[in-house]
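Residue numbers (the numbering used here), protein chains in the order written: chain A, 69 to 452; chain B, 69 to 452.
There are 2 protein chains.
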Amino acid sequence: MAGSLGRVETQRVVLFTESDPLLLESGTTLAPVEVAYETYGTLDRDASNVVFVCHALTGDAHAAGHHGDPDRRGWWDTLIGPGKPLDTDRLFIVCPNLLGGCRGTTGPSSLDPATGRPYGLRFPDFTVSDLVAVHRRLLEHLGIERLHGAIGGSLGGMQVLQWALDHPGEVDRAVLVCASARLSAQNIAFSAVARASILRDEHFQGGDYYPSPGREQSRSPDVGLGVARMLAHITYVSEEGLELKFGRERRSDTPTFDIDFQVESYLDHQGRSFLERFDANSYLYLSRVMDYFDPFADEHAAVAALSAGETSFLVISFDSDWRFPSPHSREIARVLERAGRTVRCEEVASPWGHDSFLLDVPAYHELVAGFLTVEARRVGCRVA
Amino acid sequence: MAGSLGRVETQRVVLFTESDPLLLESGTTLAPVEVAYETYGTLDRDASNVVFVCHALTGDAHAAGHHGDPDRRGWWDTLIGPGKPLDTDRLFIVCPNLLGGCRGTTGPSSLDPATGRPYGLRFPDFTVSDLVAVHRRLLEHLGIERLHGAIGGSLGGMQVLQWALDHPGEVDRAVLVCASARLSAQNIAFSAVARASILRDEHFQGGDYYPSPGREQSRSPDVGLGVARMLAHITYVSEEGLELKFGRERRSDTPTFDIDFQVESYLDHQGRSFLERFDANSYLYLSRVMDYFDPFADEHAAVAALSAGETSFLVISFDSDWRFPSPHSREIARVLERAGRTVRCEEVASPWGHDSFLLDVPAYHELVAGFLTVEARRVGCRVA
């Protein structure tokens with residue numbers, strides 16, 4: 069029987085300092101870089117049972133267990149725990165908040181030591197490779213050299229793919245869930261409207277909307293960020309899922325310009341609750357990183373890089389996901405196969421769209437569990 | 069050979085007055101109601117060659133020809149003109165701006181005679197039946213009792229359907245292009261986010277954002293309306309269409325938070341140009357009307373009403389339209405057939421999504437031309 073983790077704590081560590089800064093792909097350096105992370109399970113003596121979890125656009129380090137209230141659990145608590153697909157009785161799970169985020173890892177809302185004020189839009193540009201570089205430094209800090217597995221959904225899967233490309237020898241098993249190696253024009257269009265909503269909010273103030281001692285009354289671009297989240301959320305769920313959950317159910321008998329339909333109420337809640345946990349500048353940076361991600365732009369180089377490693381891949385998509393529909397996953401699998409990698413590419417039936425990666429979809433969980441344990445057995449890994 | 073109309077003029081007429089107000093479905097009355105409309109072609113002596121054009125959410129009365137600049141033509145100039153599917157050599161075309169609009173017909177931006185100020189959100193609620201009621205009064209004014217045909221795309225098609233339901237004897241041929249008889253939860257969700265973007269714009273001011281003598285500095289909810297339009301526009305075009313037109317083409321070599329990708333530039337232009345021609349309150353009212361439209365909610369009553377008429381229907385959808393995809397059209401056709409109506413239901417191949425109804429898609433134009441002329445021949449109508 070699968071159980072749940074109890075109380076867990078978020079750790080913080082400074083991984084890059086002024087004397088040892090993070091060298092970004094752009095050539096710019098950044099320091100300090102602090103990283104918030106959580107771990108679950110116990111590290112083996114030979115550090116061979118590590119699975120690294122990469123979160124998506126608006127996730128954080130708190131993937132499983134709870135911080136005091138057992139009813140409020142981490143975003144991937146369905147997947148991580150004793151007896152669960154990421155089985156904490158066997159595996160040691162590491163999940164950090166991303167560079168550029170706003171949940172404990174250095175990002176645009178962090179203080180710029182050069183000015184003593186939050187970076188805002190002065191935060192440097194970064195790429196998915198830079199996210200991976202910070203992940204690797206965290207592993208170094210934890211005394212881990214090699215990953216039994218790495219897993220991520222959406223932007224999380226993009227990081228896993230980039231890791232296998234940049235450091236082909238480090239990841240034994242890579243699980244990419246509803247990821248993409250290249251956003252479509254429509255994907256970019258949705259991101260662009262979300263960003264426009266934030267950037268044009270008059271409280272955005274060029275990104276310098278953070279409260280400061282002299283500016284107690286500063287206001288944030290809450291309208292813009294809320295609308296951005298509502299919009300993005302529509303792309304995370306399927307048409308079928310919205311129809312099943314809400315249909316045309318109404319809260320009001322007569323038309324108003326408030327909230328008449330239940331689906332409006334749901335989106336409104338999604339937008340408002342997002343404001344409590346996310347920073348508008350982080351949203352801009354991380355969504356932009358996704359738009360620019362294009363690791364197969366030079367397919368020849370990508371195939372050469374992937375050929376150098378021994379990573380096995382599990383690539384999962386969901387049939388109702390229209391954010392990154394199955395052709396995105398199949399395109400990833402095509403290039404991986406060209407590079408001679410072992411690839412299992414599966415489309416899982418689920419009515420819940422892109423968000424399915426966060427949900428308890430049995431066929432999906434079985435695939436992940438099987439890949440991280442049975443495959444492990446095949447190569448004689450002791451964690452199986 | 070199909071030609072084009074030359075210069076045309078918009079007419080205006082007051083159709084309802086204080087002593088003869090418009091009685092809305094809600095029971096409220098409205099007066100005065102002025103209507104802007106255009107006509108093309110020549111009315112037959114027996115007024116038997118009339119085709120009524122109903123426009124979509126953001127259209128207007130200027131469907132064909134030009135107002136002085138031959139390069140800037142009406143929104144349905146592809147369809148209407150000498151030798152075109154709506155052949156002005158044979159047919160007399162009438163196209164008014166909708167009630168609640170902002171292009172010459174009374175709407176929320178019109179002056180409320182009770183206050184001397186624009187109605188804003190004090191404009192009464194109305195329905196698709198009310199739009200039809202105003203159309204019928206315009207025909208009465210023009211001395212027309214019966215329609216050879218009525219045609220509309222999207223919300224335009226909804227009006228045509230409602231007309232056939234409310235007044236089964238008046239429309240001989242009804243053409244519904246990419247219409248819906250019931251918006252899905254996802255359709256409503258997109259409308260809801262667009263409305264939230266407008267309503268939460270701090271310059272919306274409860275709908276009273278119009279300039280007035282004492283408030284020269286009044287500002288409009290341009291940010292909210294622009295974002296609403298950008299968002300809606302994504303749903304009007306197909307993923308394939310955006311990919312064909314823009315792909316991942318960039319205007320910038322390095323990431324910025326301005327406009328990097330061509331698709332962003334395109335959406336930005338769509339949003340900005342919309343501000344010059346549309347009113348935020350009209351957007352709220354008309355999008356809300358679409359959400360509430362549900363003429364088959366009582367299917368038995370709808371079938372009974374449609375059975376009483378002799379309208380023939382052509383119901384067209386486009387295979388790449390994901391705003392109102394083909395199942396919406398097939399559902400309309402199903403009910404029409406239950407009512408014993410002659411229905412031709414066709415899905416036309418076109419990569420341009422919902423917007424296809426505005427474009428020169430030959431198979432679509434042939435269907436419309438054939439239906440309005442060949443069908444006419446069959447019943448011995450002289451316009452063929």
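Each residue gets a CB set at the ideal place from its N, CA and C atoms; glycine is no exception.
On the DSSP bridge assignment, give the partners of I327/B in chain order.
I327/B is not bridged to any residue.
I need the straight-line Cα distance from L73/B to A132/B, nearest angstrom please.
Computed Cα separation, rounded: 7 Å.
For V101/A, the first and last residue of its enclosing beta strand (DSSP E):
Segment 101-108, the beta strand (DSSP E) holding V101/A.
Determine the direct distance from the alpha carbon of C122/A to that of S178/A, and round the result to whole angstroms.
Near 21 Å, if we compare the C-alpha coordinates of C122/A and S178/A.
Kindly list the residues whose CB is nearer than 6 Å to the CB of L125/B, restricted to its own chain and excluding five residues on each side of it in sequence; keep chain order.
The answer, listed in chain order, is L223, L354.
For L92/A versus A99/A, is the C-beta distance shorter than 8 Å?
Taking 8 Å as the Cβ cut-off, L92/A and A99/A do not qualify as a contacting pair.
List the residues of chain A whose Cβ lies closer than 8 Å to the Cβ of P236/B, in chain order.
Taking a Cβ-Cβ cut-off of 8 Å, P236/B has no neighbours in chain A, whose nearest Cβ is about 26 Å from it.
Against chain A, does E311/B count as a neighbour if the rule is that its beta carbon must be under 8 Å from one of theirs?
For E311/B, the nearest CB of chain A lies under 8 Å from its own CB, placing it at the interface with that chain.
Helix, strand or coil at V76/B according to DSSP, with G and I counted as helix
Coil at V76/B, not helix or strand.
Spell out whether any CB of chain A is found under 8 Å from the CB atom of D114/B.
So no, D114/B is outside the interface.
Residues of the region 359-373 of chain B in Cβ contact with chain A at a cutoff of 8 Å, in chain order, please.
Correct list: D359, Y360, D362.
For chain B, check one thing: does any of its Cβ atoms lie closer than 8 Å to the Cβ of A407/A?
Chain B, which has no Cβ nearer than 8 Å to the Cβ of A407/A, makes this no.
Per the DSSP calculation, D380/A is bridged to which residue(s)?
Before going further, note that residue 380/A is Ser rather than Asp in the sequence given. In DSSP, S380/A forms a bridge with R241/A.
Distance between beta carbons of F386/A and G438/A, contact taken as under 8 Å:
About 17 Å; that fails the 8 Å criterion.
Looking at the unbroken alpha helix (DSSP H) that takes in G292/B, where does it start and where does it end?
Bounds of the alpha helix (DSSP H) holding G292/B are 290-304.
As assigned by DSSP and simplified to three states, the class of F194/B
Reduced to three states, the DSSP call for F194/B is coil.
May I ask you to report which of helix, strand or coil DSSP gives E367/B?
It is helical.
Selected residue, minimal CA-CA separation from S288/A, among C163/A, E344/A, T96/A, A401/A
Of the candidates C163/A, E344/A, T96/A, A401/A, the one whose C-alpha sits nearest the C-alpha of S288/A is E344/A.
For G339/B, which three-state DSSP category applies?
Under the three-state reduction of DSSP output, G339/B falls in the helix class.
Nearest-angstrom Cα distance between G237/A and S341/A?
In a straight line, the C-alpha of G237/A is about 41 Å away from that of S341/A.
Quick one, which residues of the region 244-269 of chain B are near chain E if we go by CB-CB under 8 Å, in chain order?
Protein chains A and B are contained in the structure displayed, whereas chain E is not.
In the DSSP assignment, find the unbroken beta strand (DSSP E) run with G217/A in it and report its ends.
For G217/A, the enclosing beta strand (DSSP E) starts and ends at 217-221.
For chain A, is any of its Cβ atoms less than 8 Å away from the one on F329/B?
A Cβ of chain A is located within less than 8 Å of the beta carbon of F329/B.
Can you check whether the C-beta of T78/B is within less than 8 Å of a C-beta belonging to chain A?
No, its Cβ sits nowhere closer than 8 Å to a Cβ of chain A.
Hey, out of G408/B, F160/B, I327/B, I384/B, whose CA is closest to G211/B's CA?
Closest option to G211/B, Cα to Cα, is F160/B.
Using a Cβ-based criterion (distance less than 7 Å to any ligand heavy atom), does S177/A qualify as near the ligand MN?
Absent from the structure shown: the ligand MN. Ligands present: none.
Determine whether the beta carbon atoms of V416/A and A431/A lie at a separation below 8 Å.
At the C-beta level, V416/A and A431/A come within 8 Å of one another.
Is the region 240-253 of chain B close to the region 392-402 of chain B, with three or more CB pairs under 8 Å?
Output reads yes: the region 392-402 of chain B touches the region 240-253 of chain B.
Just list the residues that DSSP pairs V81/A with in beta bridges.
BP columns for V81/A point to V103/A.
Could you tell me whether the Cβ of E86/A comes closer than 8 Å to any Cβ of chain B?
Judged by the 8 Å Cβ criterion, E86/A is not in contact with chain B.
So, using beta-carbon positions, are V261/B and L310/A closer together than 8 Å?
Contact: no.
Roughly how far, in whole angstroms, is the beta-carbon of C413/B from the beta-carbon of V436/B, given that I think they are within contact range, below 8 Å?
That pair is no contact at about 14 Å.
When the Cα atoms are used, what is the spatial distance from V447/A to N255/B?
Residue placement at V447/A is flagged as unreliable, the pLDDT there being 44, under the threshold of 50; the coordinate-derived value follows with that caveat. V447/A and N255/B have their alpha carbons spaced roughly 50 Å apart.
So N349/A and G275/A are in contact, right, with Cβ under 8 Å, and what is the actual spacing, rounded?
About 5 Å separates the two Cβ atoms, so the contact holds.
For R402/A, which of V118/A, E367/A, R263/A has the nearest alpha-carbon?
Of the listed residues, the one whose Cα sits closest to R402/A is E367/A.
What first and last residue would you give for the alpha helix (DSSP H) that runs through R412/B?
Not the alpha helix (DSSP H): R412/B falls in the beta strand (DSSP E), residues 411-416.
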